[in-house]
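Asks: Here the protein sequences come in this chain order: E and Y. When the letters of the first sequence are read in order and numbered with this note's numbering, they come out as residues 1 to 255. When the letters of the second sequence are read in order and numbered with this note's numbering, they come out as residues 1001 to 1230. The beta-carbon is built from N, C-alpha and C at its ideal position, and this holds for glycine as well. These numbers come from a predicted model, not from an experiment. I'd like to ask you about the structure that follows.
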Amino acid sequence: MAQVAGITWVSCGEPLTARRVGLCKPGLCARSQIARQMMSRPSNLTKLHYQSRRIDRQQTHHRVNRLFKTFIFGIILGALGAGALMYFAPAVNLHRERSLISVQPNGGSMERFQINLPRDRILVGLAGVEDSIPAGLDWPGEDFLGDMQAEAFIVRNENNAVVGVASRVASSTEETGAFIEWVVHFPARGTMYVQMELTPAEDGVRDGVLRAGTQDFLPLTGRIREQFVSEVDDGDVQGRIVLEATLAGPLGDEE
Amino acid sequence: MRYFVALLIGMLTGAVLFGAGFYYNPFMNQTMISPLAVTNEKVIGLSFSAVPQEGILYTNNGDSVPAPHPKRVAKLLEPAVSDTTVFVTELHDGSGDLAGIGIKFSSRSERTRLFGGEALANSAWHLYLPGEGTMLVDQTENYWPYIREVRIPARLSSGENWRGAFHGIMTSGPSALGTARVSGGSGLFSGLESEAVESLTARGYSAVQGPVSMTGTLTIVLPRVESTDE
């Protein structure tokens, strides 16, 4: 029993601001008591009416308050989730082909790459030549580049799977010295910068040396052999450039 | 149900707020000054148009912007190279004269951490300068400032284009000072080990066509190279 606003209230175990009126037993909750009082004491009808309205407002306010709290919790959860996703999920996940490497008896490893011609040609730039590749190529003039030839290729492993791209630049009339060079770029592994000898061996194989490497190839040294194979029995392949890289890490590596 | 909807809307709002905070983060500023600005060594600057259609050749997987150039160039469709681009361009010296040819291979890097404002690419320039020699420039580039200040505004624009002034140092490594590593090949550059930096200046970009007005500059330190005029 309690006296509020001059009215005797019968307790139903829930305060007037009962959070869950619907859970009270019918006739015992605050709202029902107000109704009873209204019936029994008409002089307090106005007060009771405002009390009832106040309870309704409080209940509505409470419901909205909980929704708002849920919304705020969602904001925090969303921000944390976005941050965690950005932090932990890899933005870039490069495709890797299995490396086909064979260990050499004197240390190091050997890996063979191949370029199928003409399918894997991206660029053939040579001054003074009409049929450059691709069609529509606007290659600078001979007066500037001399006989410099630049080529770009798609590079495959021994299983004929594409693993990278490469450029081959050569000039025999360069005034500071003739050169033949390769840059072989493997997206998931790094880049090899190779300088080739100008004169190939009698068997047509040209030797070269790894001048510099990046990423996985950074600590490596070794030799690269270039060979053009003209007789290839593989569909539309008319020829093949084979690059054989024999590379080794520095001696005395600390474990 | 209404609580679930409130939670869902809250999460979406949170994610959007995080994205906005990340996008406008003032602590992720673009490097404007080259680490090589204070070097005492001889420096050469090689500029090139970064608009693929103004270069000699550009190719990618064919689905990305910008489109390959010329149209009939082979595309890099296979999974191992689908995140790689090949760009061949003329290089000009400080006076605007043709100085050489550059072939640039660029691949998205797995070290990319957007949370730290790093959209990285590993790239290698194979350079030939007639009368001087050849070299390799190996670098890690951070494209996040470029994406944030040029590409995203272009995408959000109603006309899907961006016009303005952007200048930034793209090179962020691999050397300790955030410079590229240069390995000389033939000619005067034989045996050279040096540093370089690549910068990008953009004035126009289309979300549909790619760069519209954009130039790049390679600044290379040449500590031992003597001029051919001497």
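Within the 8 Å Cβ cut-off, does methionine 1011 of chain Y reach chain E?
Replies: For methionine 1011 of chain Y, the answer is yes, since a Cβ of chain E falls inside 8 Å of its Cβ.
Asks: Counting only C-beta atoms, is leucine 23 of chain E closer than 8 Å to chain Y at any point?
Replies: Residue placement at leucine 23 of chain E cannot be trusted, given a pLDDT of 45 that sits under 50; what the coordinates show is reported in the next sentence. False, the Cβ-Cβ gap to chain Y never drops below 8 Å.
Asks: I'd like the span of the alpha helix (DSSP H) that includes arginine 240 of chain E, first residue to last.
Replies: That residue, arginine 240 of chain E, is in no alpha helix (DSSP H); its beta strand (DSSP E) goes 239-248.
Asks: For proline 1052 of chain Y, does the three-state DSSP call read helix, strand or coil?
Replies: Note: proline 1052 of chain Y maps to helix in three-state DSSP.
Asks: Say whether chain Y places a C-beta atom closer than 8 Å to the C-beta of threonine 60 of chain E.
Replies: Judged by the 8 Å Cβ criterion, threonine 60 of chain E is not in contact with chain Y.
Asks: Flag this pair as yes or no: are the beta carbons of valine 1197 of chain Y and serine 1034 of chain Y separated by less than 8 Å?
Replies: The answer is yes: Cβ separation under 8 Å.
Asks: Leaving out five residues before and five after glycine 1178 of chain Y in sequence, what residues of the same chain have Cβ atoms less than 6 Å from its Cβ?
Replies: Counting only Cβ-Cβ distances below 6 Å, and skipping sequence neighbours, we find Pro1035 and Ser1172.
Asks: With C-beta atoms as the reference, is valine 184 of chain E less than 8 Å away from glycine 164 of chain E?
Replies: In contact: valine 184 of chain E and glycine 164 of chain E (Cβ atoms closer than 8 Å).
Asks: Starting from the N-terminal side, write out each stretch of the beta strand (DSSP E) that is 3 residues or longer and does not extend beyond the segment 1153-1183 of chain Y.
Replies: Runs found: 1161-1169 and 1171-1173.
Asks: Once you ignore the five residues that flank alanine 248 of chain E on each side, which residues in its own chain have a CB closer than 7 Å to its CB?
Replies: These residues qualify, in order along the chain: Gly107, Gly108, Leu220, Thr221 and Gly222.
Asks: Which residues in the same chain have their Cβ closer than 7 Å to the Cβ of glycine 1062 of chain Y, if we skip the five residues on either side of it in sequence?
Replies: Contacts found: Pro1068, Lys1075 and Leu1077.
Asks: Does aspartate 1083 of chain Y have its Cβ less than 8 Å from a Cβ in chain E?
Replies: Output row for aspartate 1083 of chain Y: interface = yes.
Asks: May I ask you to list, following chain order, the residues of the segment 165-178 of chain E that have a beta carbon less than 7 Å from some beta carbon of chain Y?
Replies: Those residues of the segment 165-178 of chain E that come within reach of chain Y (Cβ to Cβ, closer than 7 Å) are Val165, Ser167, Val169, Glu174, Glu175, Thr176 and Gly177.
Asks: Hey, is glutamate 97 of chain E's beta-carbon within less than 8 Å of any beta-carbon in chain Y?
Replies: It does: the Cβ of glutamate 97 of chain E has a partner Cβ on chain Y nearer than 8 Å.
Asks: Could you check what DSSP says for glycine 74 of chain E in three-state terms: helix, strand or coil?
Replies: Note: glycine 74 of chain E maps to helix in three-state DSSP.
Asks: Residues of chain Y with CB under 9 Å from arginine 121 of chain E, in chain order?
Replies: What arginine 121 of chain E touches in chain Y: Ala1074.
Asks: Per the contact definition of three or more C-beta pairs closer than 8 Å, is the segment 115-129 of chain E in contact with the segment 141-152 of chain E?
Replies: Result yes; three or more Cβ-Cβ pairs closer than 8 Å.
Asks: Quick one, which of E/Gly74, E/Ala188 and E/Ala91 has its alpha-carbon nearest phenylalanine 1115 of chain Y's?
Replies: Ranking the options by Cα distance to phenylalanine 1115 of chain Y, first place goes to E/Ala91.
Asks: Distance, Cα to Cα, glycine 239 of chain E vs threonine 191 of chain E?
Replies: Glycine 239 of chain E and threonine 191 of chain E: Cα-Cα distance of roughly 24 Å.
Asks: Ignoring anything shorter than 4 residues or poking outside the segment 1037-1105 of chain Y, list the alpha helix (DSSP H) runs there in chain order.
Replies: Runs of the alpha helix (DSSP H) inside the segment 1037-1105 of chain Y: none found.
Asks: Note down the Cα distance separating proline 1153 of chain Y from tryptophan 1162 of chain Y, rounded to an integer number of angstroms.
Replies: Going by the C-alpha atoms only, they are around 6 Å apart.
Asks: Whose C-alpha, out of Y/Val1005, Y/Gly1100 and Y/Ser1049, is nearest the C-alpha of phenylalanine 68 of chain E?
Replies: Here the closest residue by C-alpha is Y/Val1005.
Asks: What three-state label does DSSP hand valine 21 of chain E in the structure shown?
Replies: Bear in mind that a pLDDT of 43 at valine 21 of chain E, under 50, signals an unreliable position, so the model cannot answer this.
Asks: Kindly indicate which residue of E/Gly204, E/Ile75, E/Arg96 and E/Arg112 has the alpha-carbon position closest to the one of valine 103 of chain E.
Replies: Valine 103 of chain E has its Cα closest to that of E/Arg112, out of E/Gly204, E/Ile75, E/Arg96 and E/Arg112.
Asks: Would DSSP call glutamate 151 of chain E helix, strand or coil?
Replies: It is a strand residue.
Asks: Say whether chain Y places a C-beta atom closer than 8 Å to the C-beta of valine 124 of chain E.
Replies: Not an interface residue.
Asks: Does the beta carbon of glutamine 215 of chain E come closer than 8 Å to any beta carbon on chain Y?
Replies: Interface residue, yes.
Asks: Please confirm whether methionine 110 of chain E and alanine 212 of chain E have their CB atoms less than 8 Å apart.
Replies: No; because the gap between Cβ atoms is not below 8 Å, this pair is not in contact.
Asks: Suppose you measure from the CA of tyrosine 87 of chain E to the CA of valine 1208 of chain Y; what does that come to, to the nearest Å?
Replies: Cα to Cα, the separation comes out at about 29 Å.
Asks: Quick one: is tyrosine 1128 of chain Y buried, meaning 16 or more other Cβ sit within 10 Å of its Cβ, or exposed?
Replies: Its Cβ being crowded by 16 or more others within 10 Å, tyrosine 1128 of chain Y is buried.
Asks: Name the chain E residues whose beta carbon is nearer than 7 Å to that of leucine 1046 of chain Y?
Replies: By Cβ distance, chain E contributes nothing, its closest Cβ being about 14 Å from leucine 1046 of chain Y, past 7 Å.
Asks: Does the separation of the CB atoms of arginine 1111 of chain Y and glycine 136 of chain E fall below 8 Å?
Replies: Cβ distance not < 8 Å, so arginine 1111 of chain Y and glycine 136 of chain E don't count as in contact.
Asks: On the criterion of 16 or more Cβ atoms from any shown chain inside 10 Å, does threonine 1217 of chain Y qualify as buried, or is it exposed?
Replies: That one is buried.
Asks: For phenylalanine 1115 of chain Y, does the three-state DSSP call read helix, strand or coil?
Replies: Note: phenylalanine 1115 of chain Y maps to helix in three-state DSSP.
Asks: To the nearest angstrom, report how far apart glycine 1100 of chain Y and histidine 1092 of chain Y are at their CA atoms.
Replies: Approximately 7 Å, taken between the alpha carbons.
Asks: Of all Cβ atoms in chain Y, is any one closer than 8 Å to the Cβ of proline 26 of chain E?
Replies: Any reading at proline 26 of chain E must be qualified, since the residue scores a pLDDT of 48, below 50, and its modelled position is unreliable; the value itself is stated next. Cβ-Cβ to chain Y under 8 Å: no for proline 26 of chain E.
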